[in-house]
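J.:
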Amino acid sequence: MPDFDVIVVGAGPAGAAAALEAARAGRSVCLLERGPYPGSKNMYGGVIYGRVLDTLIPNWWEEAPIQRWVTRRSTMLMAGDQAVTVDYRCSSWGEAPYNGATAFRPEFDAWLASKAEAAGAVLICSTTATGLLRDGTRVVGVRTDRPDGDLTAQVVICCDGVNSFLAKEAGLYPPSDPANYTLGVKETILLPREVIDERFAVRGDHGVDIEILGCTGEVPGGGFLYTNAESLAVGLVLSLPKLAACGRRPEEMLAELKAHSAIAPLIEGGQVKEYSAHVIPEAGYKMMPELIGDGILVAGDAAAMCLAAGIWLEGVNFAIGSGAAAGQAAARAVQRRDTSSAGLQDYRRRLDSNFVMSDHRKLREAPHLVMSDLAQQQLPRIACGVMEQLFTVTNPDPKPGLRKIIRGQMKLNNLKLRDAISQGMKALRTFG
Amino acid sequence: MNPADLNPAGLNPAGINLVACVKWAELRPEIDPLHGSVEASQRSSGFSSSDFAAVESALRLAQAWSDQGQTCGVTVLCAGPEGAEDSLRDFFAVGATRVVRVHLAEQRSSAQVAELLASALMPSQLNAQFVICGDVSSDRGSGSVPAYLAHHLGMQQALGLIGLESTDPGSLHATRRLDGGRRERLLLMTAAVISVEGSVATLRRSSLAATLAAKQKTVEVRKQQIDWPTEVNRLRPWRPRARVLAPPAGDDALSRILELTGAQSGSTAARTLRLDPEQAAEAVLEQLAAWGYLDDSLPT
Ligand SMILES: Cc1cc2nc3c(=O)[nH]c(=O)nc-3n(C[C@H](O)[C@H](O)[C@H](O)COP(=O)(O)OP(=O)(O)OC[C@H]3O[C@@H](n4cnc5c(N)ncnc54)[C@H](O)[C@@H]3O)c2cc1C
Numbered sequence: 001m002p003d004f005d006v007i008v009v010g011a012g013p014a015g016a017a018a019a020l021e022a023a024r025a026g027r028s029v030c031l032l033e034r035g036p037y038p039g040s041k042n043m044y045g046g047v048i049y050g051r052v053l054d055t056l057i058p059n060w061w062e063e064a065p066i067q068r069w070v071t072r073r074s075t076m077l078m079a080g081d082q083a084v085t086v087d088y089r090c091s092s093w094g095e096a097p098y099n100g101a102t103a104f105r106p107e108f109d110a111w112l113a114s115k116a117e118a119a120g121a122v123l124i125c126s127t128t129a130t131g132l133l134r135d136g137t138r139v140v141g142v143r144t145d146r147p148d149g150d151l152t153a154q155v156v157i158c159c160d161g162v163n164s165f166l167a168k169e170a171g172l173y174p175p176s177d178p179a180n181y182t183l184g185v186k187e188t189i190l191l192p193r194e195v196i197d198e199r200f201a202v203r204g205d206h207g208v209d210i211e212i213l214g215c216t217g218e219v220p221g222g223g224f225l226y227t228n229a230e231s232l233a234v235g236l237v238l239s240l241p242k243l244a245a246c247g248r249r250p251e252e253m254l255a256e257l258k259a260h261s262a263i264a265p266l267i268e269g270g271q272v273k274e275y276s277a278h279v280i281p282e283a284g285y286k287m288m289p290e291l292i293g294d295g296i297l298v299a300g301d302a303a304a305m306c307l308a309a310g311i312w313l314e315g316v317n318f319a320i321g322s323g324a325a326a327g328q329a330a331a332r333a334v335q336r337r338d339t340s341s342a343g344l345q346d347y348r349r350r351l352d353s354n355f356v357m358s359d360h361r362k363l364r365e366a367p368h369l370v371m372s373d374l375a376q377q378q379l380p381r382i383a384c385g386v387m388e389q390l391f392t393v394t395n396p397d398p399k400p401g402l403r404k405i406i407r408g409q410m411k412l413n414n415l416k417l418r419d420a421i422s423q424g425m426k427a428l429r430t431f432g
Numbered sequence: 433m434n435p436a437d438l439n440p441a442g443l444n445p446a447g448i449n450l451v452a453c454v455k456w457a458e459l460r461p462e463i464d465p466l467h468g469s470v471e472a473s474q475r476s477s478g479f480s481s482s483d484f485a486a487v488e489s490a491l492r493l494a495q496a497w498s499d500q501g502q503t504c505g506v507t508v509l510c511a512g513p514e515g516a517e518d519s520l521r522d523f524f525a526v527g528a529t530r531v532v533r534v535h536l537a538e539q540r541s542s543a544q545v546a547e548l549l550a551s552a553l554m555p556s557q558l559n560a561q562f563v564i565c566g567d568v569s570s571d572r573g574s575g576s577v578p579a580y581l582a583h584h585l586g587m588q589q590a591l592g593l594i595g596l597e598s599t600d601p602g603s604l605h606a607t608r609r610l611d612g613g614r615r616e617r618l619l620l621m622t623a624a625v626i627s628v629e630g631s632v633a634t635l636r637r638s639s640l641a642a643t644l645a646a647k648q649k650t651v652e653v654r655k656q657q658i659d660w661p662t663e664v665n666r667l668r669p670w671r672p673r674a675r676v677l678a679p680p681a682g683d684d685a686l687s688r689i690l691e692l693t694g695a696q697s698g699s700t701a702a703r704t705l706r707l708d709p710e711q712a713a714e715a716v717l718e719q720l721a722a723w724g725y726l727d728d729s730l731p732t
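Keeping their order, the protein sequence lines are chains A and B. Position one of the first sequence corresponds to residue 1 (the numbering used here), numbered consecutively onward. Position one of the second sequence corresponds to residue 433 (the numbering used here), numbered consecutively onward.
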């Protein structure tokens, strides 16, 4: 007789959602977390898209620990000391049912895990799953780092985040390729609420999300700047192998972003409270492991379900969506007394029928496109160059035509019209 | 308990009750850079390493004496808020037989905390033969709670210990630091209050089964009624920060000290001014500025 019906490893958003759904379905669930409390080990940029919570926790916005509701989204293209920004505001995002919100992970993850506990899951913190227990090829539990630390279950759900040792041990991952990963680094900078309101032109609990391209020099990647209630999150996402090859330190590159004339006035006078770093499974769909084995499921970042596609950096919502599907599928398999790989296929069906797989499948080329030279180098330079020429008054010379400016900038940046069209078509096909 | 209460084999028929006192405190306080106020958070609160050492010491003594045939129990006692209960429950997993929380929702002085703990430790209540505390709490504790406890309970005390060894049931050898790198070895018999440094022991890691079982255990809650006098918050005058002075010039030590202390420079003669409040405030500020206490960053 196993100790539990379901063991969930990792109390991040994926694990908490999996435990919540399995416990709600009446199964006995153990949620293991290596940190002293859920979220204590977790970092991210800062925006959570909560629509996925609507069915899990109705009116979640009334109780979730939120910093600010994002009502302004900007996309910034940087080149040298210039920047072009597309700025979008939507005040209805500041009202229920809301769209995105900034939140601190130690608060958000602990809140979500408390929902799983309230549904009956047993949360065990400060406990690391160090390996899998097997009966033949079948996973029957986990070994933990506690004395007498073996724990058995009918299904183990791996929600242990990016670079999942458990999924690898189960043989679900092919050998890993560093090119599939990026490194995210972030500083949290303290500023008074009124200063943030003033600088970002928002009021009350409204906030801003700025995504930045062209700010990482020779290393493909991107940047971000988010507003919390009384702090800012400024960070970079950097291609892992290119970062290693260039020999530069990520904090040095982050300091350059902070010194840029488009960013420096926004963070001026702030006090750095925290520096953190974490790996991101950037390649998404293309690096996903086998999701199902005998007695085992993989969800969230552990299954590379993070959508890093330039203008989108979404992982928490995909983690919750996949975790919930894994919890439901595991509960159903336990009830039907078939937790073999075949009995757990319901997980795949659930993922295929919701946003998790359809977004990842549709946008599978997006990470590659965003990391291309065109998006990283040429596009930001051309955009900034065009703006400079468009708005520089050259009297007594007459104003140049827009077409001429664009052509000139393309030439200056070695972008052939044919390449531009073919990349444009690719982008349309990917994002279209 | 007196040594006379022990039977010839040194065993106490009623069993020995060891109580470890722990303080639920803010471990990583957030300090508002603007007003200096301390923000406590449930998640960053916990017990200090010396409190953990106290619990581990109690468990080791109980184990050693049990091996010699003495019945022993370890109770963990905490005067703290409800929020401490999840963490207190973890002490069951390492082997505590009882965990008791005396309800205390707000910060109190060491004397008052000790009074509260002592009321729970009285013979009619927990009846402790050994009370083991951490030497200081992590929130700038003074280490005085164990001393107050010994006073209230009428027990002998040995505080700030750096080593503990069990001997016969009901007695132990303790080591205390003395000045000049010397050590003092004490033989302690029941009943005593002792406090230990964090280096004395590291709390054992509980097994998975015990950790799971502890989830079902209940922390006993006591609501002790003590009528403390109402606290009067003292409002102190604002004190300017110390000025940073350039190092004194001067060839010898005496002239440098004279310059530094200003002992031979003329002092400001006392003046009595009769002014209305606004003018008086101006005059005070002027004088402070003349003495160099006010810089431009200070709002006047
Ligand atoms: C710099 C950066 C910026 C990001 N920005 C955003 C953003 O703005 N919006 C967004 O939606 N997403 C963002 N993401 C992605 C997002 O953080 C992840 O997709 C999301 O956290 C995945 O959730 P998860 O539960 O799968 O994994 P995680 O959040 O990584 O949680 C895994 C949990 O498992 C625990 N664990 C790991 N191993 C073990 C073990 N062996 N035993 C026990 N416990 C274990 C960990 O302690 C952790 O609690 C960002 C990521 C980074 C790095």
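Glycine included, each C-beta is placed from N, C-alpha and C at the ideal position. Predicted model only: the values in this text are computed from it and were never measured.
Would you say the beta carbon of glutamate 33 (chain A) is closer than 7 Å to some non-hydrogen atom of ligand 1?
T.: By 1-based counting over the first sequence, the position of residue 33 (chain A) is 33. Correct: glutamate 33 (chain A) has its Cβ closer than 7 Å to ligand 1.
J.: Where does glutamate 538 (chain B) fall in DSSP's three states?
T.: Working through the second sequence from its first residue, we reach residue 538 (chain B) at position 106. Coil at glutamate 538 (chain B), not helix or strand.
J.: Is the distance from the Cβ of alanine 179 (chain A) to the Cβ of leucine 31 (chain A) below 8 Å?
T.: Translated into the one-based positions of the first sequence, residue 179 (chain A) becomes position 179. Translated into the one-based positions of the first sequence, residue 31 (chain A) becomes position 31. Not a contact, by the Cβ cut-off of 8 Å.
J.: If we ignore side chains and look at the alpha-carbon of each, how far apart do threonine 437 (chain A) and serine 114 (chain A) end up?
T.: Any property of residue 437 (chain A) remains undetermined from this structure, which presents chain A solely from 1 to 432.
J.: At least one CB of chain A closer than 8 Å to the CB of arginine 703 (chain B): is that the case?
T.: The residue labelled residue 703 (chain B) in the question sits at position 271 within the second sequence. By this cut-off, arginine 703 (chain B) is not an interface position.
J.: Hey, how far is the Cα of isoleucine 564 (chain B) from the Cα of leucine 640 (chain B)?
T.: As a working note, residue 564 (chain B) is residue 132 in the second sequence. As a working note, residue 640 (chain B) is residue 208 in the second sequence. Going by the C-alpha atoms only, they are around 27 Å apart.
J.: Out of A:Asp5, A:Gln377, A:Met43, A:Ala18, state which residue places its alpha-carbon closest to the alpha-carbon of glutamate 218 (chain A).
T.: Within the first sequence, the letter at position 218 stands for residue 218 (chain A). If we check each option's Cα against that of glutamate 218 (chain A), A:Gln377 comes out closest.
J.: What distance in whole Å lies between the Cβ atoms of tyrosine 98 (chain A) and glycine 45 (chain A), which are believed to be in contact at a cut-off of 8 Å?
T.: As a first step, residue 45 (chain A) is located in the first sequence; it is residue number 45 there, counting from the start. As a first step, residue 98 (chain A) is located in the first sequence; it is residue number 98 there, counting from the start. That belief does not hold up - the Cβ atoms of glycine 45 (chain A) and tyrosine 98 (chain A) are roughly 18 Å apart, past 8 Å.
J.: Considering only residues of the same chain and omitting the five flanking positions on each side of alanine 582 (chain B), which have a CB-CB separation below 6 Å?
T.: Locating residue 582 (chain B) in the second sequence gives position 150, counting from the first residue. Here the set comprises Gln589, Val625.
J.: Among the candidates B:Trp660, B:Cys453, B:Asn449, B:Val716, whose CA atom is the shortest distance from the CA of glutamate 538 (chain B)?
T.: Taking the second sequence and counting its residues from 1, the one referred to as residue 538 (chain B) is at position 106. If we check each option's Cα against that of glutamate 538 (chain B), B:Trp660 comes out closest.
J.: Is threonine 55 (chain A) near ligand 1, going by C-beta to nearest heavy atom under 7 Å?
T.: On the first sequence, position 55 is the one that residue 55 (chain A) refers to. No; taking the cut-off as 7 Å, the Cβ of threonine 55 (chain A) has no heavy atom of ligand 1 nearer than that.
J.: Give, in chain order, every unbroken run of the beta strand (DSSP E) that is at least 3 residues long and sits entirely within the region 286 to 330 of chain A.
T.: Runs found: 296 to 298, 307 to 309, 312 to 314.
J.: Could you check whether the Cβ of leucine 313 (chain A) sits closer than 7 Å to any heavy atom belonging to ligand 1?
T.: For the purposes of this step, residue 313 (chain A) is taken as residue 313 along the first sequence, with counting starting at 1. Result yes, Cβ under 7 Å from ligand 1.
J.: Could you work out which residue in A:His278, A:Pro175, A:Thr137, A:Val142 is closest to phenylalanine 4 (chain A) when comparing CA atoms only?
T.: As a first step, residue 4 (chain A) must be located in the first sequence, where it is residue number 4. With distances taken between Cα atoms, phenylalanine 4 (chain A) lies closest to A:Val142.
J.: For threonine 144 (chain A), which residues in chain B fall below 7 Å Cβ to Cβ?
T.: Position 144 of the first sequence holds residue 144 (chain A). Residues of chain B passing the Cβ test: Leu640.
J.: List the endpoints of the continuous beta strand (DSSP E) containing leucine 415 (chain A).
T.: As a first step, residue 415 (chain A) must be located in the first sequence, where it is residue number 415. Per DSSP, leucine 415 (chain A) belongs to no beta strand (DSSP E) and is neither H nor E.
J.: Check whether chain E comes within 8 Å of glycine 269 (chain A), counting only Cβ atoms and requiring the distance to be less than that.
T.: Going by chain labels, chain E is absent from the structure shown, which instead holds the protein chains A and B.
J.: Let me know the secondary structure DSSP gives methionine 357 (chain A) once reduced to three states.
T.: In the first sequence, counting from the first residue as 1, residue 357 (chain A) sits at position 357. Of the three classes helix, strand and coil, the one that applies to methionine 357 (chain A) here is helix, per DSSP.
J.: Is tyrosine 98 (chain A) close to ligand 1? I mean its beta-carbon at under 7 Å from any heavy atom of the ligand.
T.: By one-based count along the first sequence, residue 98 (chain A) stands at place 98. False, no ligand heavy atom lies under 7 Å from that Cβ.
J.: Select from B:Val628, B:Ala485, B:Gln502 the residue whose C-alpha is nearest the C-alpha of asparagine 449 (chain B).
T.: What you label residue 449 (chain B) is simply residue 17 of the second sequence in a count that begins at 1. Cα-wise, what sits closest to asparagine 449 (chain B) is B:Gln502.
J.: Cβ of proline 13 (chain A) versus every heavy atom of ligand 1: is any distance shorter than 7 Å?
T.: By 1-based counting over the first sequence, the position of residue 13 (chain A) is 13. Indeed, a heavy atom of ligand 1 lies less than 7 Å from the Cβ.
J.: Quick check: does the Cβ of lysine 480 (chain A) come within less than 7 Å of any heavy atom belonging to ligand 1?
T.: Summary: the structure shown does not reach residue 480 (chain A), with chain A confined to residues 1 through 432, and so no result is reported for it.
J.: Which partner residues of isoleucine 57 (chain A) appear in the DSSP bridge assignment?
T.: Within the first sequence, the letter at position 57 stands for residue 57 (chain A). In DSSP, isoleucine 57 (chain A) forms no bridge with anything.
J.: Can you list, in chain order, the residues of its chain whose CB lies under 6 Å from that of leucine 726 (chain B), leaving out five sequence neighbours each side?
T.: Position 294 of the second sequence, counting from 1, holds the residue named residue 726 (chain B). Answer for leucine 726 (chain B): Leu720, listed in chain order.
J.: Can you grab the Cα-Cα spacing for the pair alanine 101 (chain A) / glycine 602 (chain B), in whole Å?
T.: Working through the first sequence from its first residue, we reach residue 101 (chain A) at position 101. Working through the second sequence from its first residue, we reach residue 602 (chain B) at position 170. Distance between the alpha carbons of alanine 101 (chain A) and glycine 602 (chain B): 60 Å.
J.: Measure the C-alpha to C-alpha separation of leucine 390 (chain A) and aspartate 301 (chain A) and round it to an integer number of angstroms.
T.: Here residue 390 (chain A) is taken as the residue at index 390 of the first sequence, counted from 1. Here residue 301 (chain A) is taken as the residue at index 301 of the first sequence, counted from 1. Answer to the nearest angstrom: the Cα atoms are 43 Å apart.
J.: Strictly under 8 Å for the Cβ-Cβ distance: is proline 435 (chain B) near chain A by that measure?
T.: In the second sequence, residue 435 (chain B) corresponds to position 3, counting from 1. With a pLDDT of only 48 at proline 435 (chain B), under 50, the local geometry of the prediction cannot be trusted, and no value is derived from it.
J.: Mind checking which residues open and close the beta strand (DSSP E) that includes tryptophan 69 (chain A)?
T.: In the first sequence, residue 69 (chain A) corresponds to position 69, counting from 1. Tryptophan 69 (chain A) -> beta strand (DSSP E) spans 68 to 79.
J.: What three-state label does DSSP hand proline 435 (chain B) in the structure shown?
T.: Here residue 435 (chain B) is taken as the residue at index 3 of the second sequence, counted from 1. For proline 435 (chain B), the predicted model reports a pLDDT of 48, less than 50, meaning its position is unreliable and no value from the coordinates is stated.
J.: Based on the DSSP secondary-structure assignment, which residues constitute the bridge partners of methionine 554 (chain B)?
T.: Taking the second sequence and counting its residues from 1, one reaches residue 554 (chain B) at position 122. Bridge partners of methionine 554 (chain B): none, in fact.
J.: Quick check on lysine 649 (chain B) - is its C-beta less than 8 Å from some C-beta in chain A?
T.: What you label residue 649 (chain B) is simply residue 217 of the second sequence in a count that begins at 1. Answer no: the Cβ-Cβ gap between lysine 649 (chain B) and chain A never drops below 8 Å.
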